[in-house]
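A.B. asks:
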Amino acid sequence: MNTPVSDPVALRLIDREFLIACSPEEREGLLDAAVFLDRKMRELRANARAPSFERLAVLAAISVTHELMALRKQHETQEQRLSEGLATLRHKLDAAFEENLVKR
């Protein structure tokens, strides 16, 4: 299977440019991710004393990963609550149907 090839995408992080190869359908998401990461790195740079690019990249990676993990945990909690709520409704419906069948 051939993967569509595209021109490399130029991504700008702080004051550096990176050329990244990606498929055409990945291009927009990759550009959005780079803008997000650049913003995060600039935010960290504003709060640090003379950080190197590499240090900013690591701090941004840790920060973004922490945010992702917190969102995943929140999603899992909400999913669990939803599943429990649906199970409760299912039991109530089953009980109501049973009660209705017994009355007939």
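Here our numbering is used: the first residue of the sequence shown is 1413, the next is one more, and so on. Here a beta-carbon is modelled for each residue, glycine too, at the ideal position from N, C-alpha and C.
1. Does the region 1416-1429 come into contact with the region 1438-1456, if we say contact requires no fewer than three beta-carbon pairs (one atom in each stretch) closer than 8 Å?
2. Is the separation between the beta-carbon of L1449 and that of V1421 shorter than 8 Å?
3. Could you pull out every unbroken alpha helix (DSSP H) segment of at least 4 residues lying fully inside the region 1434-1477, listed in chain order?
4. Verify whether the separation of the beta carbon atoms of L1468 and R1461 is less than 8 Å.
5. Could you tell me the distance, in whole angstroms, from the CA atom of E1437 to the CA atom of P1463?
6. With 16 other CB atoms within 10 Å as the buried threshold, where does A1472 fall?
C.D. replies: Short version:
1. yes
2. Locating residue 1449 in the sequence shown gives position 37, counting from the first residue. Locating residue 1421 in the sequence shown gives position 9, counting from the first residue. No.
3. 1439-1458
4. Mapped onto the sequence shown, residue 1468 falls at position 56. Mapped onto the sequence shown, residue 1461 falls at position 49. For L1468 and R1461, no; Cβs fall outside 8 Å.
5. If you number the sequence shown from 1, residue 1437 lands on position 25. If you number the sequence shown from 1, residue 1463 lands on position 51. Taking the straight line joining both Cα atoms gives about 34 Å.
6. Taking the sequence shown and counting its residues from 1, the one referred to as residue 1472 is at position 60. Label assigned to A1472: buried.
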